[in-house]
Each structure stands twice: as structure tokens, then as C-alpha cells.
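**Q** Residue numbers for the sequence shown follow our numbering, so the first one is 11 and each next one is one higher. We put the beta carbon where it would ideally sit given N, CA and C, even for glycine.
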Amino acid sequence: MKVARMTLRHDAAPHPVFRQVVSAIRQKKLLRPDNGVLVAVSGGSDSVCLLMVLHEMRQRAVLPGLDLHVGHVNYGLRGEESEKDEEYVRELGTTLSLPVHVERVHVVPQPGQTVQGQARDARYAFFARVRREYGLTAVATGHTADDQAETVLLWLLRGSGTSGLAGIPVQRGDGIIRPLLDVTRAQVLDYLASRGIVYRTDASNATRVYRRNQIRHEIMPLLRTFNPRIVEGLARAAEILAAEAALLDDLERERWKTVVKDIAPGRVVLQGERLAQEPLGLQRRLIRRALSVVRGSAAGLTFRHVGDILARVVGAGRGGKLDLPGGIVVKRDGALVTVGRSGVEEQASAGANWVTGVPLLIPGAVQLGEEGPRLLALEGCEPVKGRADGRSVLVVDADRLGGPLTVRNWRPGDWFCPSGLQGHRKKLQDFFVDQKVPRTRRAEVPLAVAPAGIVWVVGYRGDERFLAGQATTRVVTLKLVKE
Numbered sequence: 011m012k013v014a015r016m017t018l019r020h021d022a023a024p025h026p027v028f029r030q031v032v033s034a035i036r037q038k039k040l041l042r043p044d045n046g047v048l049v050a051v052s053g054g055s056d057s058v059c060l061l062m063v064l065h066e067m068r069q070r071a072v073l074p075g076l077d078l079h080v081g082h083v084n085y086g087l088r089g090e091e092s093e094k095d096e097e098y099v100r101e102l103g104t105t106l107s108l109p110v111h112v113e114r115v116h117v118v119p120q121p122g123q124t125v126q127g128q129a130r131d132a133r134y135a136f137f138a139r140v141r142r143e144y145g146l147t148a149v150a151t152g153h154t155a156d157d158q159a160e161t162v163l164l165w166l167l168r169g170s171g172t173s174g175l176a177g178i179p180v181q182r183g184d185g186i187i188r189p190l191l192d193v194t195r196a197q198v199l200d201y202l203a204s205r206g207i208v209y210r211t212d213a214s215n216a217t218r219v220y221r222r223n224q225i226r227h228e229i230m231p232l233l234r235t236f237n238p239r240i241v242e243g244l245a246r247a248a249e250i251l252a253a254e255a256a257l258l259d260d261l262e263r264e265r266w267k268t269v270v271k272d273i274a275p276g277r278v279v280l281q282g283e284r285l286a287q288e289p290l291g292l293q294r295r296l297i298r299r300a301l302s303v304v305r306g307s308a309a310g311l312t313f314r315h316v317g318d319i320l321a322r323v324v325g326a327g328r329g330g331k332l333d334l335p336g337g338i339v340v341k342r343d344g345a346l347v348t349v350g351r352s353g354v355e356e357q358a359s360a361g362a363n364w365v366t367g368v369p370l371l372i373p374g375a376v377q378l379g380e381e382g383p384r385l386l387a388l389e390g391c392e393p394v395k396g397r398a399d400g401r402s403v404l405v406v407d408a409d410r411l412g413g414p415l416t417v418r419n420w421r422p423g424d425w426f427c428p429s430g431l432q433g434h435r436k437k438l439q440d441f442f443v444d445q446k447v448p449r450t451r452r453a454e455v456p457l458a459v460a461p462a463g464i465v466w467v468v469g470y471r472g473d474e475r476f477l478a479g480q481a482t483t484r485v486v487t488l489k490l491v492k493e
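(1) Runs of 3 residues minimum, wholly inside the segment 225-299: which ones carry the beta strand (DSSP E) assignment?
(2) Quick one: using the 10 Å Cβ neighbour count with 16 as the cut-off for buried, is D296 buried or exposed?
(3) Count the CB pairs spanning the segment 162-174 and the segment 124-139 that are closer than 8 angstroms, and state whether there are at least three.
(4) Only counting runs of 3 or more residues, tell me where the beta strand (DSSP E) segments fall wholly within the segment 69-130, in order along the chain.
(5) In angstroms, rounded to a whole number, what distance separates the CA positions of R351 and V303?
(6) If you draw a straight line from the alpha carbon of S92 to that of G145, how long is it in whole angstroms?
(7) So, with DSSP's three-state summary, where would you put P393?
(8) Any contact between the segment 207-223 and the segment 48-68? By contact I mean 3 or more CB pairs, one from each, below 8 angstroms.
(9) Round the Cβ separation of V198 and S55 to the nearest angstrom and send it over; I've been treating them as touching at under 8 angstroms.
(10) When we look at the beta-carbon of P369 and count the other beta-carbons within 10 Å, is it buried (16 or more) or exposed?
(11) Which two residues bound the contiguous alpha helix (DSSP H) that contains Q158?
(12) Is the Cβ-Cβ distance between V405 and V465 less than 8 angstroms?
(13) Among R221, A155, S307, which residue has its Cα nearest to the Cα of R195?
(14) Per DSSP, D473 is paired with what?
(15) Do V99 and V110 have their CB atoms nearer than 8 angstroms?
(16) Do L108 and L78 have their C-beta atoms closer together than 8 angstroms?
(17) Under the three-state reduction of DSSP, which class applies to V10: helix, strand or coil?
(18) Can the beta-carbon of L457 be found less than 8 angstroms from the beta-carbon of W425?
(19) How about G413 and A478: are their beta carbons less than 8 angstroms apart?
(20) Go ahead and label P43 buried or exposed: buried means 16 or more other beta carbons lie within 10 angstroms of its beta carbon, across all protein chains shown.
(21) Go through its chain and collect everything with a Cβ distance to A148's Cβ below 6 angstroms, but skip five positions before and after it.
(22) In whole angstroms, give me the CA-to-CA distance for Q357 and A274.
(23) Output needed for G53: all residues of its chain with C-beta closer than 6 angstroms, excluding positions within five of it in sequence on either side, in chain order.
(24) Please return the same chain residues whose Cβ sits closer than 7 angstroms to the Cβ of A176, not counting the five positions on each side in sequence.
(25) Expressed to the nearest angstrom, what Euclidean distance is found between the alpha-carbon atoms of R234 and D272?
(26) Under three-state DSSP, which class holds G174?
(27) Go to R205, then tell me how far its alpha helix (DSSP H) extends in each direction, as first and last residue.
(28) Which of the three DSSP states, helix, strand or coil, is assigned to Q445?
(29) On the DSSP bridge assignment, give the partners of A458 in chain order.
(30) Just the C-alpha distance for L438 and F136, rounded to the nearest angstrom, thanks.
Encoded structure:
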């Protein structure tokens, strides 16, 4: 594999793609000059373009202190071609004097899952692990405006709402960023050609087996006959809908506070009359939110499921019950609508509690044992007597969490970055030893956990990475309350 003929000098005039990405990073605040970023590189044109643009930004002192890492996953699905992809990425990293992290994954088809879906999950899990291990700020992927347009069409064909039609987010809470999302694939190829940069080609992208490829090779060319700038048009529509969806998300959070009556492990109780008074669009969103809290996610829920709940339970006067897939039961008892897991009352009386992992909604609460304290999660910075020392109160940056919170006990291999240790990692087992927590009591210590890591060893110490600071724009207060 030869990459030596690539023109790596950056003394030529900046390419329009370079200027476009610089503008996007600045306007959307994706990166700062001293950040560390793992660039997901498959070897294809999009990811190679992204890596080269970020490298050029560092060379031109646009992001002078940027700590660049290269990440690659070899699934072995394409035999020798997969090996050549890995070889290319390793050589590219060496040419640029960048650290390269490679993971080899054997994907075994599972019932109900596609190989592509499993590969994607493995890929993002690896990137998240490297990001945590090296203390990097973000993981950058090479999604382009063409990917955005194809995604919008995919969701449109499925009958999606605003969240799906908003397409691929330019930035996610778990540190994923997409700096090329405003750049078309044609622009990517022009940038690479102007720099003499070679890249790998995946022959499977030309097949018509996958739905996305059918859209790319059949539907998009047809749409271009109606609008030559269809890619830009669909990408712009996604950007508009993303802003609309964010507005609705804020409204949903506000209405949630007034509609929720109670939240307990495996159960959410809603005030039926207040829910019924909301506009239909918000009713649907609030029902999906309740189902997500109980199930852990909204995956697998259909428009019909939500509609059945509204018609047969919420709109059923004083009674009504509906069984949903996955052991979920929605019922109305008087003025209250309960969304819960089948048999949750029996499980609770048998001793099931937060130890197995319970969602902690924001705002929301989790009861820590039958007679124990409650762990509250509140939006904003709540008044605190004394100081938020990490024992009874912790104030964190919501945008660093990477997704919903869960309360669970400790597991072998758990680690965090205790506040006061300047970001140094510490195994939770060693932390318990330092804090003189008896072995017999360690499983009783609750942990507030986000997708990005352990946020709070409740009652002891918070994780330095998640603490709110001067740059924080969205605050969450975690509070231990004894009642």
C-alpha cells in the first residue's frame, strides 16, 4: 500500500473544503485549539478527507494544539481487502506522525440484528473506549452532506417524525462530531484530488443489496433531474428540522414536569387529565418519553403503539389497559396513567431495587432501598446549604454526560476520575479501599452512571470530567435527600 505520493505540504492556498470545515467548527463550536480528537478512519474518501483537513488545520495553526489520533476497525468482512484497508490506515497515520488505534472485530450475525448494525455498535464502542482511555475530547466521523441527504430519505420512507427527519446530528452528547456534514461528496473528491491524496475504495458501496445504496444509486440520481442541488436541499431541510426538534425537546421537558406524578424503578405515573390537555404532538412525545424511561430506550416502539395508548388508555375515561411488546403494561386507574413493566409491583416487594440498574430521569428521582434516601436529578443549579462537595450534592455539565443517567452498583473493572486528582483515573475498588469502605458494604454504594462513564460515587466523590465549570451552558444538580 503506497501513500507516499500524497502531497502532505500545506503551503498551497486553502481549498474551499478547508475553509468550509474551519467555518463549521468555529460556528458550531465543535473543537477548541487544545482539544484531543480521535478521527474515525475507514480508509475511504470521506474519512481520509476529514483526517487531512484536521491535520491541515493543525499545520496552519488554526487549531495549533490539536491532539490528533486515528481510529480504525477491521471487521474482516471483505477478506484481503479489509487487511489492505488496515494497512493503508496504519501507513497513513505513520506518514502523518499520528498515533493509530486499531481494533479487530469478528461480527457474528445475531437474531434480530443486521451485520451492519452489529458492526456499527462495535465500532462506536471501540471509539468510546479509546476516547476515555486517552482523555480525548471528541470522536470525529466523516459523514458528509450526501450521507445526511440519504439519511433523511431513509427516515422519510419509514414515516418518521421530526427527530428522524432531522437526520444526522452534527454533534452528539457523547462526544461524536461530524465536521464534514456541510460538505458534499463531490467536494470531498475535489479536495483529495487537489492534494494528490489516495484513498481506499469499498466495492460493496456499489451494490444494490443495502437500502442506503439503493437510495444512493437509484433514487438520488432521479431526484437530481428535478433539482441538481438536491443534496444541499435535503441537508438544509435536516438542519432546519433539527432546530425545530430541539425547540420541541425543550417544550417537552417543561411539560414533563407538570404531567409526571411519580417515578419509581420500572414505573412512571402520569396525570391523565393534564396529559390529555396537551396538544396531540406533545402527548405523543410525553408517552414516548415515559416508555423510554421504563424500557431504557424508545427502540422498537411504533407510531401505532403510541396511538393505541392515547386512544385506549389516556382517552378511555377512568379505565383502560394495554399490553405492549417487551412486557410493558399501560393502564389507567382513575385520573392516573401508569406505564410500567409487567409484574413490577411483585418484583419491588421481592426486593428488586436500583442495584440492577435503574434509569434516573432529568428531572427525576430514584429511591435507594425501601427505607433509604432518594437520589434526585434536577435541571439547573439548585440552592445548596454549604458547598456542593460531592458527598450529598454534585453539580454537573449536562452536555458532558453523553446520554441518560442510570443508577447501579459497582462492577469489576469500574473506574472514574475522582475530583481533586486533576483528571487521573482510579479504579473504583482502590477508591473504596482508600475511603475505608468495607467489602461487605461496597455493593450498597450507588453509582450515577452516564454513557460517558461514572458521574458520581454517590455519597463520596464526583468524577472530575463531568463537573460544571465556567463554560457550562446546561447544568444538572444531583442531590441525595434523606426523607
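**A** In brief:
(1) 270-274, 277-281
(2) According to the sequence displayed, residue 296 carries Leu and not Asp. So L296 counts as buried.
(3) no
(4) 77-84, 110-114
(5) 11 angstroms
(6) 29 angstroms
(7) Residue placement at P393 is poorly supported in this model, since its pLDDT is 45, which falls under 50; the coordinates still yield a value, given next. Residue state, collapsed to three classes: coil.
(8) yes
(9) 5 angstroms
(10) buried
(11) 155-167
(12) no
(13) A155
(14) P428
(15) yes
(16) yes
(17) Residue 10 is absent from the model: the chain starts at 11 and stops at 493.
(18) no
(19) no
(20) exposed
(21) V47, G185, I187
(22) Confidence at Q357 is low in this model, with a pLDDT of 42, below 50, so the placement of that residue should be treated as unreliable; the coordinate-derived value is given next. So the alpha carbons of these two residues sit roughly 12 angstroms apart.
(23) D95, Y98, V99, R210
(24) A248, L251, A252, A255
(25) 52 angstroms
(26) helix
(27) 195-205
(28) coil
(29) V417, W466
(30) 22 angstroms
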